[in-house]
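In our numbering, the protein residues as written are 8 to 88. Right, one structure below, let's go through it.
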Amino acid sequence: MSHCVTGKNCYDSLGEAEQALIENWIRYQHEQESGPRNVYLCDDCGTYHFTSRGELSDVILDNLSYIKSQRIAREWERKLR
């Protein structure tokens, strides 16, 4: 992973950043009013970062049912360990 003066995690491609955004939403139980909302291309380092500003990403909106099902599945995995 690259480094940026912003101190944010860097993602080399839009697809990688969007997958990481979905994973972040699954892992940290974000809701539509909180957490990272989208990704953007950084002018400083040329990689993608999360942002908590602006509109909620279409990638999140399009994957809300997947995110919810993964949260449930992971919760059951934790319970069954």
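Note that CB positions come from ideal geometry on N, CA and C, so glycine has one too.
- By the neighbour-count criterion, in which 16 or more other beta carbons inside 10 Å mark a residue as buried, Trp83 falls on the exposed side.
- Using a 10 angstroms sphere on the CB of Glu40, the tally of other CB atoms stays under 16, which defines it as exposed.
- About 7 Å separates the Cβ atoms of Arg81 and Ile33, confirming a contact at the 8 Å cut-off.
- Per DSSP, the unbroken alpha helix (DSSP H) holding Leu21 starts and ends at Leu21 to Tyr35.
- Inclusion of Arg44 and Gly61 in the CB contact set at 8 Å is warranted, their separation being smaller than that value.
- For Tyr18 against Ala27, the beta-carbon gap comes to about 6 Å, under 8 Å, which counts as contact.
- Ranked by how close their Cα comes to the Cα of Ile74, the residues Glu38, Asn16 and Gly14 have Glu38 in first place.
- For Val66, the closest of Ala24, Gly14, Val12 and Cys11 by C-alpha to C-alpha distance is Ala24.
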